[in-house]
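Okay, so here's the structure we're looking at.
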Amino acid sequence: MRRMTLPSAYAILEAECTQRKCVPLKLSWSASDTAHTMLGIFSAKSGHPLADAKEAKRVVSELSARDAAPALDEVSGWLESVAADEVLKLSDRLALLLQLDEAVQPHARKLGRDYLTSPRLGRQQEYKLWQTNHDFWAQLGSAYDQGLTRYMGQEKGSEAVKSDVPLLMVRMLRAYSSQLKWDQFRYGPINAELWQRMGRAYLFAEQAKCSRQSLTPYPTLPGETTVEQEYLKALVFQASSMDSLLPLEIEIAERFIAHFLPLFVFTAEVRPDNVYWVDSDKPAPPKRLAVLPQVSPSLRFFSAGAALAKLEAMLRQVERNEVPAEVNLGAQYSARIVLPVLKHLVIYWAPKPPMRSHDRHRVKSRLTAVNGLANIHARLSDHGGEESEAWVVDDVSLGGMGAQVPLGANDWVRIGALLGMQPEGGSNWLIGVIRRFSRETPTQGSAGIETLSKSPQAVVGDLGGMDCIAILLDTLHSGDTVRAILPSAAFEPAIPLVFAWQGRSARLDPVEQLESGVDFDLGLYRVAPPA
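Sequential numbering from 3 applies to the sequence shown in the numbering used here.
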């Protein structure tokens, strides 16, 4: 096909219009007009506000002065628009991503701490804070991912950013790992494509022989890392089964993973000591090596290696009430908080999978569920209570059950939530606590419930001169110990619980606090002899 200039194309159009007796638009062309038109239509200059160096410098410098939440919201918008701009040169795009990322890292760390440590956040406040954090990391990972895709596609100007690509991949993996953690704070669902995106970056880095290149991810944060280490950290995090830990425990577990990561073994070889595997080219999370997977060039294996013995030694140290100072946990935590995290990691890093305490039996039955101490107490006392929910039980055992949970607008289901449960067709109530939880979809979840009592009793007593509702989990026998559920922060080591029981006064002397849940304390008491 013959290529025509714009003026000659116009001449043909004018001749055709004359022949058809139509009135063409009168234009006057010159060489300068042609050049101007070509530049206007096919210009390679982006119209993005941050394409202007002065404006970009102003925006980045002002971010540090903003409050944390608005700053993260603003940057999420900038990241999305930069990634969507088709005209920005790859080098300019990457420079902007790096600058925006670095500018708000202090804000991201602050908001992360706020989510985990702020007391008495309402459900809406908590969700908004979660969403701000989650969306920032998701947008940051996606923006870096698009930059990597353009580089891998050998977009014009790719050679100019070649030296920055390892840093791009490290930050991308770190952002996606943070998104994974924030997803886990609400127990999913996890986007399976996340694993393929991270795996693709790792495989590309390995092919480019830079997967083990050490670099500092952020100039203000100490320590070096590699593409391989960032990818492995995400795999270990997922393999550590966080769906039975509280958000703060998940944060602490991630810190321990980072500390012990250099001792893990990560290999493409099939070896007897392998524990987990992942196909880095597939949209699927890592799995325990119960059955050998289908052979593939992108198959990778990992195990705790020497990290397990070190972790077990640290567990014994914390059991002596000594929290190790050499581990950066982000804050000072007591041994009581750290201990269950270490016990959990020891189980999931071990070569043998964790064994269930009791056999589970598959069933399909309905269950009426009531949330919270006050509502359960009202039900046990035949005083009504708030609306109940219908759950479907999948399996049962001597120690508990698994159930499918509808996730409504209240969204109260979480680890440590207290439940009153009434099996379909029965009149008795059970008391349980949610120990494991995962979101299968935004409206459907799966919960693992530990049964605390099959014959609970509601009482109202005196606790140091104050009225106090309580639920007895065990039968009262003089001299025996019993468990009792009290409102949150009500357990006192030296204050007995006194209440009327079968026509006389009963007294429970405190022994120790066994647990602190979402809205309750679980205490162990000794039954005093009758007065």
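Beta carbons: idealized from backbone N, C-alpha and C, even for Gly. Computed from a prediction, not measured in an experiment: that's the story for all the values here.
In the DSSP assignment, what residue or residues form a beta bridge with residue 212? None; residue 212 has no bridge partner.
Looking only at its chain, what residues have a beta carbon closer than 6 angstroms to the beta carbon of residue 352, apart from the 5 residues adjacent to it on each side? none
In three-state DSSP terms, what is residue 483? strand
Could you check if residue 377 is buried or exposed, using at least 16 other CB atoms within 10 Å of its CB as the buried criterion? buried
Residue 425 - DSSP class collapsed to helix/strand/coil: strand
Counting C-beta neighbours from all protein chains within 10 Å, is the total for residue 86 16 or more, i.e. buried, or is it exposed? Around the CB of residue 86, fewer than 16 other CB atoms lie within 10 Å, so the residue is classed as exposed.
Taking residue 374 as the reference, give the member of 480, 440, 490 and 456 with the closest Cα. 490
According to DSSP, which residues form a beta bridge with residue 130? Note: residue 130 sits in no beta bridge, so no partner.
For residue 328, does the count of other Cβ atoms within 10 angstroms reach 16, so buried, or fall short, so exposed? Exposed.
Exposed unless 16 or more other CB atoms sit within 10 angstroms - verdict on residue 430: Exposed is the call here.
Contacting residues, own chain, Cβ-Cβ under 6 angstroms from residue 450 (five flanking each side not counted): 404, 437 and 438
What separation, rounded to the nearest whole angstrom, lies between the Cα atoms of residue 531 and residue 477? 14 angstroms
Compute the beta-carbon to beta-carbon distance between residue 312 and residue 256, rounded to the nearest angstrom, for a pair I have assumed lies under 8 angstroms. Their Cβ separation, rounded to whole angstroms, is 17 angstroms, which puts residue 312 and residue 256 out of contact at 8 angstroms.
Helix, strand or coil: which one does DSSP assign to residue 266? coil
Report the three-state DSSP secondary structure of residue 436 (helix, strand or coil). When secondary structure is reduced to three states using DSSP, residue 436 falls in the strand class.
Same chain, Cβ closer than 6 angstroms to residue 159, five either side skipped, listed in chain order: 91, 92 and 93
With 16 other Cβ atoms within 10 Å as the buried cut-off, status of residue 321: exposed
Would you tell me roughly how many angstroms separate the C-alpha atoms of residue 428 and residue 390, rounded to the nearest one? 15 angstroms
Could you check which residue in 207, 202, 126 and 136 has the C-alpha nearest to that of residue 166? 207
For residue 324, three-class secondary structure by DSSP: coil
Contact between the region 145 to 164 and the region 213 to 222 is defined here as three or more beta-carbon pairs at a separation below 8 angstroms; is this criterion met? no
Can residue 277 and residue 290 be called in contact, C-beta distance under 8 angstroms? The criterion of a C-beta distance shorter than 8 angstroms is satisfied by residue 277 and residue 290.
Best match in 350, 63, 472 and 518 for proximity to residue 503 [C-alpha to C-alpha]: Across the set 350, 63, 472 and 518, the C-alpha of 472 shows the shortest separation from the C-alpha of residue 503.
Got a sec? Which residues, its chain only, sit under 7 angstroms from residue 200 by beta carbon, not counting five neighbours each side? If we look at residue 200 and ignore the five residues flanking it on each side, its Cβ neighbours are 175, 178, 233 and 236.
Taking DSSP as the reference, what is the three-state secondary structure of residue 500? Strand.
Per the contact definition of three or more C-beta pairs closer than 8 angstroms, is the region 239 to 248 in contact with the region 415 to 424? yes
So, using beta-carbon positions, are residue 486 and residue 510 closer together than 8 angstroms? For residue 486 and residue 510, yes; Cβs fall inside 8 angstroms.
Can you give me the C-alpha to C-alpha distance between residue 154 and residue 132, rounded to a whole angstrom? Separation of residue 154 and residue 132 (C-alpha to C-alpha, rounded to the nearest whole angstrom) is 33 angstroms.
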